[in-house]
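Okay, structure first, notes after.
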Amino acid sequence: MNDDKFDLVVMGGGPAGYAAAMRAIDYGKRVCLVENVRVGGAGVYNGALSSKTLWELSQRIKNVNDTIVSIGREKFEISWEEVKRTLEEAIFERKFQYSCHINLLKSQREDLFSYRRGFAKIISPNQVAIHRENEEDLVIDTDYIIIATGSRPRKLPDILSDEKVIFTSDGIDSIEEYPKSLVIVGAGVIGCEYATIFSNFGKTKVYLIDRADHILPFEDDDISKIVSENLQKNGVTIHNNAQLVRMEIVNGEVEYEIDTDGVREVIHVEKALLSVGRVANFENIGLEAVGINKGASGRFIGDDDTQTNIPNIFAVGDVSGRISLVNMGEIEGRHAVERMFGNKLNRISYDNVCTIMFLEPEVASVGMNEKQCLEGNIPCKIVKLDYSVIARAIAMRKTQGFFKIIVTNDDEMKILGMRAVGEHASSAIQAVALLIKMNKGIAELAELIHPHPSIVEGVQECVRMLMNRSIFKSSVFKDKLECYSLVNGVKTPLQRL
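Residue numbers for the sequence shown, in the numbering used here: 178 to 674.
Here you go:
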């Protein structure tokens, strides 16, 4: 059975695939979007939207309790049933938007857009078969193919993750009640986010297994330190330098054994969460049939600026193995289409990717951090400003955090990266991200009139320090401000009175 020919078939309706399909419509191309499970993927279900909804709610609960307990009142509590209702409402709202958009688009632009439910498999460079249970496969002819089949949580050998007692991120949102105790395996971003969420609610004793000597090992030590201290203050036990020896379900609960510097310990908890990365979904989708190469590790589809070794087949999002973020997947999906139909020549830049870590406090980043400069022996200038000297942070009574901006060690002072830790952190890095993309220095930020009072005024004061024009002097407020060069691993103060 053959359908009409398409200009593009997109395999996967997650953030990357959906964005690609919509961009193809902009070019007036006929596109077929194929999704086997749910449009929106991990961007809506068991991923970004769900975990951040939980984080936002948990932060409100914590903020309320921090205030009322300090004046002698009892803690405010919210039932898990109410938490689940909020979560389900958020997911339904986004799901409903996708559903309405697809249905209206199909009716208004039937000539351009087709949506098919089923499992897509490449059978030739210009043909995709769509399989549905108890139906004959539908074979579609197409000029181009985009693979956007996403990823799934990685599991550990010898550990049964039944999504009832031992969970992955696919199942943790479906729990029926606050667990009395929870161990989280993995101290990366997702593990630390869920540790923050459950400890914020104040109903769960949380344990975090960290193989390294500090959590978030890819980030600067000052970020790891502030997040770690806040987790511990919130009652989280962090097992640093710990190797997980075994984990099993015993009498309906979790028994795990860790080895910390040669000392073994057995601990019992009610539930466990495995947060040890994700695995690309590319099994049985026809890679071998057309000879699509995998990346060097064999864990991802190999591509060159989204294009695979088969010229008309592209791979975007998690299957390409770069940065597993909704915003990056969308950019890659759109970029692939622009290469196909818009003759776009500029390659994707990953130098100014903005990321947010929903922790306590919030952490936002773009570009390089200090650790990367040290490891790469990159001469630079670094400025760091504490939130306690920002008027808006004082007004909010949220003075924990800092800005850190890294620039080249020359007169141009082009921005290499920034880290923001604290309230409104995610809103503070965008101007810096734009300057990185434009390969610009800091002068534009120094003269820009920022709204007052606002958190982003701290960014302006940072660049003023680098230009030796700051209101507060780092040589005076040494506990609040730092401004130094970093050359060959040696820190040298830049401001002297």
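Note that CB positions come from ideal geometry on N, CA and C, so glycine has one too.
Please list the terminal residues of the continuous beta strand (DSSP E) segment that includes residue i.
i	result
residue 556	That residue, residue 556, is in no beta strand (DSSP E); it is neither H nor E in DSSP.
residue 658	658-664
residue 248	Taken as a continuous stretch (DSSP letters only), residue 248 belongs to no beta strand (DSSP E), as it is neither H nor E.
residue 184	183-188
residue 342	From DSSP, residue 342 is part of no beta strand (DSSP E); its letter is neither H nor E.
residue 300	296-301
residue 455	455-457
With residue i and residue j assumed to form a contact (beta carbons below 8 Å), what rounded beta-carbon distance in angstroms separates them?
i	j	result
residue 327	residue 495	5 Å
residue 289	residue 200	The pair is not a contact, with the Cβ atoms about 12 Å apart (cut-off 8 Å).
residue 636	residue 605	6 Å
residue 479	residue 472	4 Å
residue 558	residue 523	Residue 558 to residue 523, Cβ: 29 Å. No contact.
residue 418	residue 397	Actually they do not touch by this definition, with Cβ atoms about 19 Å apart.
Please list the terminal residues of the continuous alpha helix (DSSP H) segment that includes residue i.
i	result
residue 577	From DSSP, residue 577 is part of no alpha helix (DSSP H); its letter is neither H nor E.
residue 595	It is not in any alpha helix (DSSP H) - residue 595 instead sits in the beta strand (DSSP E) that spans 592-598.
residue 542	From DSSP, residue 542 is part of no alpha helix (DSSP H) but of the beta strand (DSSP E) over 540-544.
residue 490	Residue 490 -> not in any alpha helix (DSSP H); beta strand (DSSP E) instead, spanning 490-492.
residue 364	Here residue 364 belongs to no alpha helix (DSSP H), and DSSP marks it neither H nor E.
residue 466	464-467
residue 322	Unbroken run through residue 322 is the beta strand (DSSP E), 315-324; no alpha helix (DSSP H).
residue 385	Per DSSP, residue 385 belongs to no alpha helix (DSSP H); it is in the beta strand (DSSP E), 382-386.
residue 522	Neither: residue 522 is in no alpha helix (DSSP H) and is coded neither H nor E.
Would you kindly check if the distance between the Cβ of residue j and the Cβ of residue i is under 8 Å?
i	j	result
residue 323	residue 440	no
residue 330	residue 231	no
residue 416	residue 384	yes
residue 447	residue 431	yes
residue 570	residue 600	yes
residue 470	residue 485	yes
residue 566	residue 582	no
residue 283	residue 292	yes
residue 382	residue 358	yes
residue 272	residue 217	yes
residue 619	residue 658	no
residue 510	residue 493	yes
residue 453	residue 225	no
residue 152	residue 508	This structure cannot speak to residue 152, because the chain is shown only from 178 to 674.
residue 403	residue 598	yes
residue 342	residue 429	yes
residue 235	residue 374	yes
residue 513	residue 306	no
How many angstroms separate the CA atom of residue i from the CA atom of residue j?
i	j	result
residue 183	residue 320	7 Å
residue 325	residue 294	15 Å
residue 267	residue 663	45 Å
residue 500	residue 532	10 Å
residue 594	residue 192	26 Å
residue 668	residue 563	19 Å
residue 376	residue 354	14 Å
residue 530	residue 544	7 Å
residue 506	residue 455	15 Å
residue 518	residue 238	49 Å
residue 213	residue 222	14 Å
residue 264	residue 591	42 Å
residue 395	residue 364	11 Å
residue 568	residue 627	13 Å
residue 449	residue 344	6 Å
residue 623	residue 399	25 Å
residue 407	residue 660	26 Å
residue 596	residue 362	26 Å
residue 228	residue 220	10 Å
residue 588	residue 617	12 Å
residue 405	residue 615	35 Å
residue 280	residue 215	14 Å
Helix, strand or coil for residue i, going by three-state DSSP, please let me know.
i	result
residue 309	coil
residue 269	helix
residue 441	strand
residue 278	helix
residue 416	strand
residue 625	coil
residue 497	helix
residue 260	helix
residue 478	strand
residue 651	coil
residue 402	helix
residue 203	helix
residue 434	strand
residue 330	strand
Taking 8 Å as the CB-CB limit, is residue i close to chain B?
i	result
residue 579	The chain labelled as chain B is not found in the depicted structure, where only one protein chain is given.
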